[in-house]
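Going by our numbering, the first residue of the sequence shown is number 579, and it counts up by one from there. Note that CB positions come from ideal geometry on N, CA and C, so glycine has one too. Only one structure is covered here, and it is reproduced in the block below.
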Amino acid sequence: MSATDDAALVDAFLAHLSTVRNVSPATVRAYATDLAQFVAWCERRGISASDATRRDLRAYLAELAAARYAKTTVARKQSSLRSFYAYLVDADLTARDPAAAMPSVKIPERLPPAVPADLVARLLELPDVTTPRGLRDRAILELAYATGARVAEISGLDVGDVDLASGQVRLFGKGSKERIVPLHRLAVQILRAYLRDSRPKLLRGRQEDALFVGRRGHRYSTNSIRRMLAGYLESLAVETGLTPHDIRHAFATHLLESGADLRTVQELLGHVALSTTQIYTHVSIRRLREVHERAHPRGTQEGRPG
Numbered sequence: 579m580s581a582t583d584d585a586a587l588v589d590a591f592l593a594h595l596s597t598v599r600n601v602s603p604a605t606v607r608a609y610a611t612d613l614a615q616f617v618a619w620c621e622r623r624g625i626s627a628s629d630a631t632r633r634d635l636r637a638y639l640a641e642l643a644a645a646r647y648a649k650t651t652v653a654r655k656q657s658s659l660r661s662f663y664a665y666l667v668d669a670d671l672t673a674r675d676p677a678a679a680m681p682s683v684k685i686p687e688r689l690p691p692a693v694p695a696d697l698v699a700r701l702l703e704l705p706d707v708t709t710p711r712g713l714r715d716r717a718i719l720e721l722a723y724a725t726g727a728r729v730a731e732i733s734g735l736d737v738g739d740v741d742l743a744s745g746q747v748r749l750f751g752k753g754s755k756e757r758i759v760p761l762h763r764l765a766v767q768i769l770r771a772y773l774r775d776s777r778p779k780l781l782r783g784r785q786e787d788a789l790f791v792g793r794r795g796h797r798y799s800t801n802s803i804r805r806m807l808a809g810y811l812e813s814l815a816v817e818t819g820l821t822p823h824d825i826r827h828a829f830a831t832h833l834l835e836s837g838a839d840l841r842t843v844q845e846l847l848g849h850v851a852l853s854t855t856q857i858y859t860h861v862s863i864r865r866l867r868e869v870h871e872r873a874h875p876r877g878t879q880e881g882r883p884g
């Protein structure tokens, strides 16, 4: 089979992701990038991606590792290959799945950073709410911390997705899965002020469904929101190394530290598997251990053998 045929199989798979599995455009693009790289690798070696063997896949992943790709990146590319070949088998486009029995790339578990609540409070106070853009930024920050929403979910919000009277917001997560998340009173107040005082000025007379808009009155994109959040994080007086996604981590960790049960946090975050949410319990336990060692009279003493 030629490279052109391989490209057609990849296109069919990407169309399946979009139309049948309802995968987000960003995820489809990630699959497209991963598979294009693999097809090009196969072409250089004179083999077809559809005829590749398990040995070929192992050689490809080993080459990525040797090229110093991060383990998380190699693991993602392996996952893309798994999904691709599983689709080919299900669609009767190939007879065997070389990726099915391959052991997964082992990646070290990375715990989300423990973000102190007072640091989040400082972050929320950074925008200048006397300006339209500053009030918008404050509303985004409050919404992010109040709901644990992903940046892409915030960008995708329409005005109709927010019910300030009931104090709730409708978020659309991965695979367009819908969930309703409550808003606390302060978040409602900030959002109401944004809708009244800031959004009309940013729109400049345009008609737009998006809740958050940029300078030209168009939907505030995921990348623009991420850059905005990163700018505020960088302007904090301490070297935090935090990322925009860490606001979501803080939301989950602070809820658990305040007594919320794991299932509730799972639903609020929109996680499909409870195991994805459980990583935050490790952060909470780590935080409890630090507090315990600082506060307990014998927490900082060195043990002496008897």
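Output the boundary residues of the beta strand (DSSP E) element that contains residue i.
| i | result |
| --- | --- |
| PRO710 | Taken as a continuous stretch (DSSP letters only), PRO710 belongs to no beta strand (DSSP E), being part of the alpha helix (DSSP H) at 710 to 725. |
| ARG757 | 756 to 760 |
So which of the options has the shortest CA-CA distance to residue i?
| i | options | result |
| --- | --- | --- |
| GLN767 | VAL588, LEU697, GLU845, LEU721 | LEU721 |
| LEU749 | LEU701, ARG763, ALA730 | ALA730 |
| GLU756 | GLN746, ALA765, ARG763, LEU764 | GLN746 |
| ARG716 | LEU847, PRO705, ASP675, LEU846 | PRO705 |
| PRO778 | GLY795, ASP824, LEU834, CYS620 | GLY795 |
| THR605 | THR725, LYS752, ARG714 | LYS752 |
| GLY726 | PHE616, PHE829, ALA645, ALA808 | PHE829 |
| LEU671 | ALA627, LYS649, LEU764, GLU812 | ALA627 |
| TYR609 | ARG646, LYS649, ALA643, ALA653 | ALA653 |
| HIS827 | LEU592, LEU764, PRO694, VAL598 | PRO694 |
| THR708 | ALA771, GLY783, ARG728, ALA838 | ALA771 |
For residue i, is the beta carbon positioned less than 7 Å from some heavy atom of the ligand NAD?
| i | result |
| --- | --- |
| LEU780 | The ligand NAD is not part of this structure, which contains no ligands at all. |
The alpha helix (DSSP H) that contains residue i, what's its start and end?
| i | result |
| --- | --- |
| VAL652 | 649 to 668 |
| ASP696 | 695 to 702 |
| GLU731 | 729 to 733 |
| ALA614 | 603 to 622 |
| ILE625 | Premise fails: ILE625 is in no alpha helix (DSSP H) and is neither H nor E. |
| LEU820 | LEU820 -> no alpha helix (DSSP H), and no H or E assigned at all. |
Closer than 8 Å by C-beta to residue i: which residues in its own chain qualify, once you throw out the five before and the five after it? Chain order, please.
| i | result |
| --- | --- |
| ILE863 | Residue confidence for ILE863 is low, a pLDDT of 49 falling below 50, so the modelled location carries little weight and cannot support an answer. |
| LEU769 | ALA717, GLU720, LEU721, VAL740, LEU742, LEU761 |
Going by the DSSP bridge assignment, what does residue i pair with across the sheet?
| i | result |
| --- | --- |
| VAL740 | VAL747 |
| VAL791 | ARG797 |
Leaving aside the five residues before and after residue i along the sequence, list all residues of the same chain whose C-beta is less than 6 Å from its C-beta, in chain order.
| i | result |
| --- | --- |
| LYS655 | ASP612 |
Identify, in the order they occur along the chain, each residue of the same chain with its Cβ nearer than 7 Å to the Cβ of residue i, setting aside the five sequence neighbours on each side.
| i | result |
| --- | --- |
| ALA630 | CYS620, PRO676 |
Check your understanding: Taking one C-beta from the region 774 to 791 and one from the region 729 to 744 each time, how about it: are there three or more such pairs within less than 8 Å?
Key -> yes
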